[in-house]
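Q:
Protein chains: 2
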Amino acid sequence: MRKIIFLFSISFVMLSCDKKEEKVLDSNQLSSEEKIDSTTIKTLFNSALTDGKSYEWLRDLTQNVGGRLSGSPEAQMAVEWGEKLMKEVDLDSVWLQPVMVPHWVRGEKEIATYTSNGVQKNVPICALGFSIATPESGVLAEVIEVKSLEEAEALGDKMEGKIVFFNRPFDDTLINTFSAYGGCVDQRVNGAAVCGKFGAKAVIVRSMTNSIDDYPHTGTMSYGDLPIEKYIPTAAISSRAAEILSTDLKENPSLKFYFKQNCETLPDAPSFNVVGEIRGSKTPENIFVVGGHLDSWDLGEGAHDDGTGVVHSLEVAYLFKKNNIKPKNTLRIVFFMNEENGTRGAKKYAELAILNKENHIGGLESDAGGHTPRGFSIDANSMNTALLQSWKKLLSPYGLHDLDKGGSGADISPLKGENVTLVGYRPDSQRYFDYHHTSRDTFDKVNKRELELGSASMASIIYLMDKYLYSDAPIKP
Amino acid sequence: MRKIIFLFSISFVMLSCDKKEEKVLDSNQLSSEEKIDSTTIKTLFNSALTDGKSYEWLRDLTQNVGGRLSGSPEAQMAVEWGEKLMKEVDLDSVWLQPVMVPHWVRGEKEIATYTSNGVQKNVPICALGFSIATPESGVLAEVIEVKSLEEAEALGDKMEGKIVFFNRPFDDTLINTFSAYGGCVDQRVNGAAVCGKFGAKAVIVRSMTNSIDDYPHTGTMSYGDLPIEKYIPTAAISSRAAEILSTDLKENPSLKFYFKQNCETLPDAPSFNVVGEIRGSKTPENIFVVGGHLDSWDLGEGAHDDGTGVVHSLEVAYLFKKNNIKPKNTLRIVFFMNEENGTRGAKKYAELAILNKENHIGGLESDAGGHTPRGFSIDANSMNTALLQSWKKLLSPYGLHDLDKGGSGADISPLKGENVTLVGYRPDSQRYFDYHHTSRDTFDKVNKRELELGSASMASIIYLMDKYLYSDAPIKP
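Chains S and L are the protein sequences, given in the same order.
Number 120 in this note's numbering belongs to position 120 of the first sequence; there are no gaps in the numbering.
Number 594 in this note's numbering belongs to position 117 of the second sequence; there are no gaps in the numbering.
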């Protein structure tokens with residue numbers, strides 16, 4: 001017995017060694033400058049993983065402020081929270097950029113129901129941002145299911161007096177879930193504009209997610225150039241409810257769907273971007289901006305969208321300061337307001353950059369969640385794209401393999417220019433649309449290490465960008 | 478107002494496109510054979526993501542069978558579950574391999590407590606697998622904290638009558654959390670063997686995790702060659718309790734820690750490996766084995782460890798059958814019994830392979846959880862390692878970048894040989910030790926897409942191995 005136990009103990013220890021495969025860069029393959037970079041990057045990761053602050057900052061923002069839609073009291077609390085925190089991190093200067101933002105409010109919780117084969121079904125539903133309310137008595141109508149805007153257009157007047165139900169699901173075969181989102185979200189954004197034109201009574205849309213569950217996903221919509229008298233209420237229903245409704249409609253094409261929502265667009269409200277910077281030690285007139293958005297939808301706590309981006313961004317500055325890394329160029333951290341329904345903060349930031357003749361040489365945005373790092377997407381000229389891609393061997397030990405060309409993010413893309421290098425942080429996307437714009441986007445869905453690895457990844461690429469981009473001869477964008 | 482809404486609608490649509498970065502292989506860079514492989518791999522992924530069964534299989538195993546420690550009635554239920562499921566997948570043959578396994582039982586829930594500065598603290602604790610019980614009245618003793626086996630050894634007789642507390646935490650700076658585990662687990666496995674020698678009364682060990690939380694992590698231990706009369710009870714306490722106890726000990730070095738556990742090692746029990754295969758169409762005498770382990774610890778549901786490995790493995794066969802991919806060599810799926818405390822199933826499988834003169838040319842094991850795929854570790858000769866690494870361009874569009882040399886897994890490593898190519902599936906490791914061996918290792922921690930991507934990743938590399946390894950001239954291992 002003892003002997004046997006001893007034997008499997010050995011096999012067990014073998015197992016633990018089997019799984020022990022920490023990656024180390026072979027320093028013989030590195031130039032002396034790359035060795036310095038490799039050491040600095042390791043320092044940034046060690047620091048984030050042992051002394052990172054992002055997780056506790058995120059806890060505070062999500063649990064003490066919570067959901068913070070533009071124009072809400074919570075959004076104002078978030079501004080104050082951000083300004084205070086930037087000062088605590090002891091940035092060289094911290095200020096607010098005033099900006100007027102849309103102010104849409106959800107009102108009372110929405111309800112939806114229908115009866116099929118004598119069974120009454122309650123449907124998880126939520127109004128879409130900027131939708132108008134239903135009449136006080138709600139909307140009750142037959143439902144026409146479609147899979148695309150084109151299919152809806154083709155229906156024309158047949159949709160008059162009906163509720164049009166957009167039910168094209170995510171393409172689950174796309175590995176990057178943002179691609180699936182990109183392939184579906186036109187239904188949510190433009191469904192009401194198309195159907196209002198033909199006198200539909202309302203639009204409901206399947207939630208934007210890969211998951212089949214009971215959580216409706218909100219998000220912004222637009223009436224486009226529809227005359228105001230043709231505006232119709234629009235809402236998202238959960239993916240499971242969409243599947244069930246679709247099945248029920250096959251059996252009972254004339255079933256009547258009822259919903260009621262009380263949302264309202266109020267006059268624009270004053271708000272702010274929160275901005276702080278570490279002044280560059282050599283060429284302070286050159287600016288790298290690093291940011292995420294401070295506003296969020298109201299249903300959850302705005303954890304992955306985009307509390308993580310906010311704390312990632314500030315932690316870049318924190319890691320620089322803590323490790324006494326002095327950027328040559330100015331490192332500016334921005335908590336953008338109103339990404340979700342207007343990107344007014346982004347536009348204001350870019351407008352002021354032009355007005356103040358600021359020289360932005362690059363930017364980095366985190367607005368794809370706080371999951372484990374995968375890489376960055378690069379929106380830059382071909383020379384700088386190649387330069388960033390040449391850092392792959394320095395970044396890959398941290399799981400940062402993806403360095404492809406692609407967009408950066410909605411908040412920094414207004415800064416785009418021939419010589420501006422814009423980068424989007426790209427964490428793993430598999431779980432993102434389980435939470436996105438729902439009541440499930442809460443702090444407990446964020447993993448501490450994954451979040452900290454994100455901060456360190458971002459700090460690492462900013463360290464390299466600051467060191468190597470335009471190092472001798474700054475080029476005006 | 479309308480105009481403004483329309484404007485941000487456009488900027489929003491820009492955002493979705495920004496994030497839309499599906500990777501596609503440039504087919505001009507592929508040979509004609511690689512194009513076939515690329516298409517087949519895409520088919521496997523599409524199939525797993527739209528028609529995968531692994532998630533529902535896992536739900537059934539974890540929620541209807543639950544935790545299934547070797548020798549338990551649940552382990553027997555799992556064997557029956559596995560055999561039935563393999564038959565449902567319509568493998569060419571399905572059989573059970575009898576194997577005697579250790580039979581350790583936890584007994585009543587453990588309790589632990591101590592008082593510091595007049596405050597009584599209850600400590601989350603669990604016995605380690607193969608530990609003896611405490612006396613019925615429990616163990617009450619002063620505590621000596623150490624950080625390593627060497628430090629304990631050096632204490633010698635000073636530990637007589639004391640509880641030795643191993644409290645070396647995970648090294649959080651290691652990116653691969655399995656490396657951190659490998660650097661700590663000697664405390665859990667061998668702590669009691671070292672301290673029993675010097676007459677310690679018991680051993681408690683900090684849980685094996687990066688996370689600071691309230692969940693004790695069980696796992697196997699060994700008394701090594703200690704005489705039976707020197708066996709002492711050993712248990713794990715939660716990481717947070719370890720931190721608090723350490724602090725309290727600094728203030729009150731003579732505080733007394735109490736715990737009580739009722740575990741027991743019963744006589745070995747009969748059990749089974751569950752085996753099924755698709756017979757090879759050309760060289761059926763050559764075998765690829767694909768497996769995970771069916772047993773689990775008792776505290777949770779054995780979801781990530783290793784229900785995911787079990788359903789991954791069977792889904793490889795399911796995806797081959799569903800897509801009419803006929804392996805040239807025999808594809809054998811094995812649900813190994815008793816990986817957690819004995820690896821008796823693995824040993825039995827290897828023993829029978831020799832006895833039956835089976836020609837195993839390769840193997841693939843999934844025992845690192847069901848998180849998002851990162852790659853494979855390769856334990857093979859240098860020629861075959863290079864061959865597998867040459868598939869990187871086929872695999873990287875699916876996030877499979879890691880193709881490094883390394884161990885495969887505890888259940889297939891007994892098959893190791895010069896010409897046997899053993900591979901370990903390597904998903905992202907960041908969250909794994911949040912759940913490992915705890916009551917939190919439950920179905921809800923597994924993400925459907927991440928799981929399915931794992932099955933498809935494994936099917937893809939097995940497809941390539943079957944096609945290219947030893948394709949013309951099988952080499953006997």
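Glycine included, each C-beta is placed from N, C-alpha and C at the ideal position.
(1) Would you grab the beta carbon distance between L249/S and V143/S for me? Rounded to a whole angstrom, and I think it's under 8 Å.
(2) Go ahead and label E340/S buried or exposed: buried means 16 or more other beta carbons lie within 10 angstroms of its beta carbon, across all protein chains shown.
(3) Closest Cβ-Cβ distance between G300/S and chain L: below 8 Å?
(4) State the CB to CB distance for the pair L255/S and T115/S, rounded to an integer number of angstroms; the pair is presumed to be in contact (CB under 8 Å).
(5) Give the residues of chain L in contact with Q430/S, contact being defined as C-beta atoms less than 8 Å apart.
(6) Could you give the distance in angstroms between the alpha-carbon of E498/L and the alpha-carbon of W868/L?
(7) Mind pulling the chain S residues with CB within less than 7 Å of Y875/L?
(8) Excluding sequence positions up to five away, which residues of its chain have a Cβ less than 7 Å from the Cβ of Q97/S?
(9) Could you check if W81/S is buried or exposed, using at least 16 other CB atoms within 10 Å of its CB as the buried criterion?
(10) Run through DSSP, which three-state label would S47/S get?
(11) Applying the criterion that 16 or more other CB atoms from any shown protein chain within 10 Å of the CB defines a buried residue, is V596/L buried or exposed?
(12) Which residues of chain L have a Cβ atom closer than 7 Å to the Cβ of N210/S, listed in chain order?
(13) W391/S lies in the alpha helix (DSSP H); which residues open and close that run?
(14) How about V289/S and L91/S: do their beta carbons lie closer than 8 Å?
(15) Using a Cβ cut-off of 7 Å, pull out every chain S residue sitting near L526/L, in sequence order please.
(16) Just confirm the distance between the C-beta atoms of E301/S and T442/S, as a whole number of angstroms; I'd bet it's less than 8 Å.
(17) Only counting the same chain, and skipping five residues up and downstream in sequence, which positions put a Cβ closer than 7 Å to that of V542/L?
(18) Measuring straight from C-alpha to C-alpha, what distance separates I890/L and A845/L?
(19) What would DSSP say about H789/L, mapped onto helix, strand or coil?
(20) List, in chain order, every chain S residue whose beta-carbon is nearer than 9 Å to that of N523/L.
(21) Taking H437/S as the query, report the chain L residues whose CB atoms sit under 8 Å from its CB, ordered along the chain.
(22) With 16 as the cutoff for other CB atoms within 10 Å, does P710/L come out buried or exposed?
(23) Please confirm whether H401/S has its beta-carbon closer than 8 Å to some beta-carbon of chain L.
(24) Helix, strand or coil for V511/S per DSSP?
(25) Which complete beta strand (DSSP E) runs does the segment 249-298 of chain S hold, if anything under 3 residues is left out?
(26) Compare the C-alpha of K197/S against each of S54/S, K35/S, K158/S and name the closest.
(27) Might you give, ordered along the chain, the residues of its own chain that have their beta carbon closer than 7 Å to the beta carbon of D295/S, omitting 5 neighbours on each side?
(28) Hey, K53/S and E315/S: beta-carbon distance below 8 Å or not?
(29) Could you check whether A669/L and V680/L sit closer than 8 Å to each other, using their CB atoms as the reference points?
(30) By DSSP, does H436/S sit in helix, in strand, or in coil?
(31) My output table needs one value for M698/L: the three-state DSSP class, helix, strand or coil.
(32) Measuring CA to CA, which of D298/S, E277/S, Q389/S is closest to V334/S?
(33) Using the Cα positions of K640/L and E56/S, report the straight-line distance between them to the nearest angstrom.
(34) Specify the secondary structure class of I714/L as computed by DSSP and reduced to three states.
(35) Per DSSP, F675/L forms a beta bridge with which residues?
A: According to the data block:
(1) Here residue 249/S is taken as the residue at index 249 of the first sequence, counted from 1. Here residue 143/S is taken as the residue at index 143 of the first sequence, counted from 1. With a beta-carbon spacing of about 6 Å, L249/S and V143/S fall inside the 8 Å limit used to define contacts.
(2) By one-based count along the first sequence, residue 340/S stands at place 340. Buried.
(3) Here the question's residue 300/S lines up with position 300 in the first sequence. Answer no: the Cβ-Cβ gap between G300/S and chain L never drops below 8 Å.
(4) The residue given as residue 255/S occupies position 255 in the first sequence. The residue given as residue 115/S occupies position 115 in the first sequence. With a Cβ gap of about 7 Å, L255/S and T115/S count as contacting.
(5) Here residue 430/S refers to the residue found at position 430 when the first sequence is read from its first residue. What Q430/S touches in chain L: T849, N924, R926, E927, L930.
(6) Locating residue 498/L in the second sequence gives position 21, counting from the first residue. Locating residue 868/L in the second sequence gives position 391, counting from the first residue. Only weak support is given to the placement of E498/L: the predicted model assigns it a pLDDT of 46, under 50, and the value that follows is read from those uncertain coordinates. Rounded to the nearest angstrom, the gap between the Cα atoms of E498/L and W868/L is 22 Å.
(7) Taking the second sequence and counting its residues from 1, the one referred to as residue 875/L is at position 398. Under a criterion of Cβ atoms nearer than 7 Å, the residues of chain S adjacent to Y875/L are, in order, I175.
(8) Locating residue 97/S in the first sequence gives position 97, where the first residue counts as 1. Closer than 7 Å at the Cβ level, and outside the excluded window around Q97/S, lie F272, N273, V275, K348, Y349, L352.
(9) Looking up residue 81/S in the first sequence gives position 81. When all chains shown are included, W81/S counts as buried.
(10) As a working note, residue 47/S is residue 47 in the first sequence. Helix, per DSSP.
(11) Locating residue 596/L in the second sequence gives position 119, counting from the first residue. Label assigned to V596/L: exposed.
(12) As a first step, residue 210/S is located in the first sequence; it is residue number 210 there, counting from the start. The CB of N210/S comes closer than 7 Å to the CB of R926 in chain L, given here in chain order.
(13) For the purposes of this step, residue 391/S is identified with residue 391 of the first sequence, where counting begins at 1. Premise fails: W391/S is in no alpha helix (DSSP H) and is neither H nor E.
(14) For the purposes of this step, residue 289/S is taken as residue 289 along the first sequence, with counting starting at 1. For the purposes of this step, residue 91/S is taken as residue 91 along the first sequence, with counting starting at 1. It is not a contact, given that the beta carbons lie outside the stated cut-off.
(15) For this step, residue 526/L is matched to residue 49 along the second sequence. Within 7 Å of the CB of L526/L, the CB atoms of chain S belong to D172, T173, in sequence order along the chain.
(16) Along the first sequence, one-based indexing puts residue 301/S at 301. Along the first sequence, one-based indexing puts residue 442/S at 442. Sure, about 5 Å apart at Cβ, within 8 Å.
(17) One-based indexing of the second sequence puts residue 542/L at position 65. For V542/L, same chain residues with a beta-carbon under 7 Å away, outside a window of 5 residues either side, are E551, M554, A555, W558 in chain order.
(18) Position 413 of the second sequence, counting from 1, holds the residue named residue 890/L. Position 368 of the second sequence, counting from 1, holds the residue named residue 845/L. For clarity, residue 890/L is Ser in the given sequence; the question names Ile instead. A845/L has its alpha-carbon roughly 15 Å from the corresponding atom of S890/L.
(19) Your numbering for residue 789/L matches position 312 in the second sequence. Assignment of H789/L by DSSP, reduced to helix, strand and coil, places it in the helix class.
(20) What you label residue 523/L is simply residue 46 of the second sequence in a count that begins at 1. Simply D172, T173.
(21) By 1-based counting over the first sequence, the position of residue 437/S is 437. The premise fails here: H437/S is roughly 12 Å from chain L at the closest Cβ pair, so nothing lies under 8 Å.
(22) What you label residue 710/L is simply residue 233 of the second sequence in a count that begins at 1. Under this definition P710/L is a buried residue.
(23) Residue numbering aside, residue 401/S sits at position 401 when the first sequence is read from its first letter. Taking 8 Å as the threshold, the shortest C-beta distance from H401/S to chain L falls below it.
(24) No answer is possible for residue 511/S: the residues shown for chain S start at 1 and end at 477.
(25) Uninterrupted beta strand (DSSP E) stretches at least 3 residues long and entirely within the segment 249-298 of chain S occur at 256-260, 264-278, 283-293, given in chain order.
(26) Numbered from 1 along the first sequence, position 197 holds the residue referred to as residue 197/S. Restricting attention to S54/S, K35/S, K158/S, the CA atom closest to the CA of K197/S is found in K158/S.
(27) Position 295 of the first sequence, counted from the start, is the residue given in the question as residue 295/S. For D295/S, where only same-chain residues beyond five positions count, the Cβ hits under 7 Å are R68, L69, S70, A75, M337, N338, E339, E340.
(28) Residue 53/S sits at position 53 when you count from the first residue of the first sequence. Residue 315/S sits at position 315 when you count from the first residue of the first sequence. Yes, the pair counts as a contact, with Cβ atoms nearer than the cut-off.
(29) Along the second sequence, one-based indexing puts residue 680/L at 203. Along the second sequence, one-based indexing puts residue 669/L at 192. Against a cut-off of 8 Å, the Cβ pair of A669/L and V680/L comes out as a contact.
(30) Here residue 436/S refers to the residue found at position 436 of the first sequence. DSSP places H436/S in coil when its eight states are reduced to three.
(31) On the second sequence, residue 698/L is found 221 positions in, with the first residue counted as 1. Looking at M698/L - three-state DSSP - the assignment turns out to be coil, as it is neither helix nor strand.
(32) For the purposes of this step, residue 334/S is taken as residue 334 along the first sequence, with counting starting at 1. In this structure, E277/S is the residue among D298/S, E277/S, Q389/S with its C-alpha nearest to the C-alpha of V334/S.
(33) Locating residue 640/L in the second sequence gives position 163, counting from the first residue. Locating residue 56/S in the first sequence gives position 56, counting from the first residue. Looking at the sequence shown, residue 640/L is not Lys but Ile. Just so you know, the alpha carbons of I640/L and E56/S end up roughly 34 Å apart.
(34) Position 237 of the second sequence, counted from the start, is the residue given in the question as residue 714/L. If DSSP states are grouped into helix, strand and coil, I714/L belongs with the strands.
(35) Counting from 1 along the second sequence, the entry for residue 675/L is found at position 198. According to DSSP, which records beta bridges pairwise, F675/L is partnered with nothing at all.
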